[in-house]
Each structure stands twice: as structure tokens, then as C-alpha cells.
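In what follows, a single structure is set out as C-alpha cells and then discussed.
Next comes the structure, spelled out in C-alpha cells:
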């Protein structure tokens with residue numbers, strides 16, 4: 005619908021598992037983002053990629069590892085997560101200009117860490 | 053860094069009434085203020101935005117006002133309908149707006 009797709013939509017994993025979240029944008033944008041959305045908290049920006057280069061890392065623990073192989077794809081690799089990492093993980097993309105533009109969000113991946 | 057506060061956290065209105073959601077921000081350098089609507093099972097979607105060189109913007113039943121001196125901006129929805137029920141987020145950003153700071157969200161319930 006928005007041109008940003010995320011897979012899987014739901015993921016349950018144990019604390020010792022390794023998994024990856026995938027995001028793809030079909031909008032020709034040059035920037036991509038990972039956000040964490042927890043109940044009763046603001047959306048938390050995790051990572052920003054601008055033309056495949058990481059430009060923002062908001063003090064995210066190393067158990068979250070992003071990868072941006074090209075401007076259309078973004079991954080979030082997960083390993084040895086904690087139960088408090090359970091949340092909705094949202095991917096977004098935008099076309100960066102000097103005036104600021106809309107960020108288009110995907111539907112999110114609902115992650116549960118057991 | 054930027055801090056955005058949003059009120060109220062929940063809002064219930066009758067169909068046809070107006071709804072107002074307010075946000076304040078801390079960084080005077082912020083110049084881009086979008087509002088997003090998030091429906092159940094979906095990601096946030098932009099419904100309206102405003103830049104610091106404008107005091108008010110309107111799009112059909114939705115309007116946003118910005119007071120740069122007081123550092124606050126508001127979302128106004130008139131003639132509310134059941135499909136307006138959702139969670140609404142305000143945000144503030146600067147420059148290219150690659151870094152938006154979001155409010156905590158307002159759950160709007162429009163009752164019949």
C-alpha cells in the first residue's frame with residue numbers, strides 16, 4: 005500500500021536465536037530507517053541509512069545489527085535478544101531533500117522474544 | 053536533542069464533533085512538523101504536515117496550526133467520523149528531516 009514492505013509480519017524467537025527482519029521499498033527513495041515501537045512510548049529511531057551509508061545509530065545495543073546492501077533493501081539482524089526487545093519494528097523510507105519530506109512506513113514486524 | 057510532548061493520550065468524541073490534539077517541542081531549530089495516523093495492524097501514515105514558515109495548513113476536515121514562539125502545534129479534525137478512530141502521532145524534525153522525534157501518540161475514539 006505505501007510502497008514499503010516488511011517480512012516477516014510476525015516473529016517469535018528465543019533469546020539464543022538469530023533472525024533477520026527484511027524491508028524493501030519500491031519508491032526510489034534514497035534514505036531508509038528502522039524504528040522500534042513499544043506500548044506507551046514514542047517511536048524510537050534506531051538507524052538511518054542515506055544512500056546506503058549509515059548516518060545515525062541511536063545508541064542501539066549491538067545485538068541489533070543493520071545492513072543496507074542497496075538503496076531499496078534494509079535488513080535488521082537480531083541475535084541474543086532480551087524479552088524487553090519485544091516490540092513492533094517499523095521500517096520507513098524517504099527521499100531526502102533540504103526541505104524535509106514524508107517518511108513512508110511499512111506495516112511493521114511484530115517481534116516477541118521469549 | 054529534541055523532545056516532543058503530546059496530549060491527550062486518549063480522546064473520545066462523538067461522531068460529528070471536533071477533535072484537537074496538541075504537541076509541544078523543545079528545539080527551536082525544528083522546522084518540519086508532520087502528523088501521522090496509525091490504524092490497527094498498519095504502520096503510521098502521514099496525514100498532514102507543516103513547515104515553520106507557515107502558521108496554518110488545512111486539508112478538507114484536517115488542519116494543523118503552528119505557533120513557533122510558544123513551540124507548539126496542534127491537529128484539528130472537524131466533523132469526525134468512525135473511520136477517524138486511530139492512534140495519531142505528532143513529530144518534529146530539522147533540515148532534511150531524516151531524524152524525526154515523535155510524540156507518545158493519542159488514541160482517538162469516535163463513537164456513534
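Protein chains in written order, with this note's numbering: chain A, 5 to 118; chain B, 53 to 164.
Here a beta-carbon is modelled for each residue, glycine too, at the ideal position from N, C-alpha and C.
Within its chain, find whatever has a CB closer than 7 Å to the CB of residue 151 (chain B); leave out the 5 residues flanking it on each side and keep chain order. Taken in chain order, the residues that qualify are 145.
So, under 8 Å CB-CB, residue 106 (chain A) and residue 136 (chain B) are touching, yes? Tell me the CB distance rounded to an integer number of Å. At roughly 20 Å, the Cβ-Cβ gap does not stay under 8 Å, so residue 106 (chain A) and residue 136 (chain B) are not in contact.
Going along chain A in order, which residues have a C-beta closer than 8 Å to the C-beta of residue 156 (chain B)? Here the neighbours are 44, 45, 46.
Would you list the residues sitting across from residue 101 (chain B) in a DSSP beta bridge? Looking at the DSSP assignment, residue 101 (chain B) forms a beta bridge with B:86.
With which residues is residue 75 (chain A) paired in a DSSP beta bridge? Looking at the DSSP assignment, residue 75 (chain A) forms no beta bridge with any residue, so it has no partner.
Quick one: residues in its chain with C-beta nearer than 8 Å to the C-beta of residue 155 (chain B), no 5 flanking neighbours on either side, listed in chain order? If we look at residue 155 (chain B) and ignore the five residues flanking it on each side, its Cβ neighbours are 56, 57, 58, 75, 141, 142, 143.
Near-chain A residues of the stretch 74–104 of chain B (beta-carbon distance less than 9 Å), N- to C-terminal order: If you check each beta-carbon in the stretch 74–104 of chain B against every beta-carbon of chain A, the ones closer than 9 Å belong to 83, 84, 86, 88, 90, 93, 94, 95, 96, 97, 98, 101, 103.
Segment contact flag, the stretch 73–93 of chain A with the stretch 22–32 of chain A, C-beta cutoff 8 Å, min 3 pairs: Result yes; three or more Cβ-Cβ pairs closer than 8 Å.
Within chain A, partners of residue 151 (chain B) - CB distance below 8 Å: Here the neighbours are 49, 52, 60.
Any idea what DSSP makes of residue 70 (chain A), helix, strand or coil? Note: residue 70 (chain A) maps to strand in three-state DSSP.
Measuring straight from C-alpha to C-alpha, what distance separates residue 123 (chain B) and residue 107 (chain B)? As the crow flies, the alpha-carbon of residue 123 (chain B) is around 12 Å from that of residue 107 (chain B).
Where in the stretch 7–53 of chain A do unbroken runs of the beta strand (DSSP E), each at least 3 residues long, occur, reported from the N-terminal end onward? 8–11, 14–17, 22–29, 35–41, all fully within the stretch 7–53 of chain A.
Anyone know if the C-beta pair for residue 91 (chain B) and residue 133 (chain B) falls short of 9 Å? For the pair residue 91 (chain B) and residue 133 (chain B), the CB atoms are not nearer than the 9 Å cut-off.
Mind checking the stretch 107–132 of chain B against chain A and listing, in chain order, the residues whose C-beta falls within less than 7 Å of any C-beta there? Within the stretch 107–132 of chain B, no residue qualifies.
CB-CB length for residue 15 (chain A) against residue 115 (chain A), believed under 8 Å: Yes, they are in contact, since the Cβ atoms of residue 15 (chain A) and residue 115 (chain A) sit about 5 Å apart, within 8 Å.
Compute the Euclidean distance between the alpha carbons of residue 105 (chain B) and residue 117 (chain B), then round it to the nearest angstrom. Those two C-alpha atoms are separated by around 11 Å.
Whole-Å CB distance - residue 80 (chain A) paired with residue 65 (chain A), under 8 Å assumed: At roughly 12 Å, the Cβ-Cβ gap does not stay under 8 Å, so residue 80 (chain A) and residue 65 (chain A) are not in contact.
For chain B, is any of its Cβ atoms less than 9 Å away from the one on residue 25 (chain A)? Chain B contact via Cβ: absent.
Euclidean distance between Cα positions of residue 40 (chain A) and residue 59 (chain A): Near 17 Å, if we compare the C-alpha coordinates of residue 59 (chain A) and residue 40 (chain A).
What residues from chain B crowd round residue 112 (chain A), counting only those whose CB sits closer than 9 Å? Neighbours of residue 112 (chain A) across chain B, judged by C-beta separation under 9 Å: 93, 94, 95.
Please report the distance separating the alpha-carbon of residue 85 (chain A) from that of residue 78 (chain B). Straight-line measurement puts the Cα of residue 78 (chain B) at about 33 Å from the Cα of residue 85 (chain A).
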